[in-house]
Amino acid sequence: MSNTTEGTADGSSAAKPSVAARPKTTAVASSGDSSPADDVTAAAPGPGDESVDAAAEADAPGSPVRQHDVPASTIVRLMGMPTAGDIQMLEQNIGALSRKVTNLSLKIDRMTEQMLELFHDIDRTNVQFGDLREFLKNILGAVMANTDGGGAAQAQRAADAMREQGAAGDESSDRAKKSTAKILSSE
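Residue numbering for the sequence shown follows numbering that gives the first Met the number 0, starting at 0 and increasing by one per position.
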């Protein structure tokens, strides 16, 4: 077994096994028996064959031409691509976010329904107050007709005060109607 020494790229010398020192390959018959008659030896390449020299250098222990196996997951991470776990986590986060949005929309729907009911109640109350004012005006008108002149002036002042309050009440009902219209138009 003869070893040859050649310089490597970093200036150190490494021992290289010669081609003659390589083991023989044995062909296996289809029956599974191997016999020395079936031995096949590798063709002895010449000393300048680069493929054998590169293979020998890669096999040498201190060689800078070393190849390492790198897992595919490492390459994927280096490329910045998401892994299956990352995608599952994103899907879970998106699912949780969509559930939260759905819950918020349901809460907003319930609140708008309640507010609409309240606005309808306010409108009914305004109508009832208007009816009550009309009723009081009718009563005060009848009282004024039955009283003397001094009482009529006092009743007239009371009726004027009621009208002023009614005008202020109409303004508040107008504001309530406008706010209802704003809320309904924002839906």
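Built from N, CA and C at the ideal position, the CB exists for glycine as well.
8 Å Cβ cutoff met for residue i and residue j
i              : j              : result
methionine 161 : lysine 136     : yes
serine 97      : threonine 82   : no
alanine 157    : leucine 139    : yes
glutamine 127  : methionine 143 : no
Cβ neighbour criterion (16 or more within 10 Å) applied to residue i
i             : result
lysine 99     : exposed
arginine 123  : exposed
aspartate 108 : exposed
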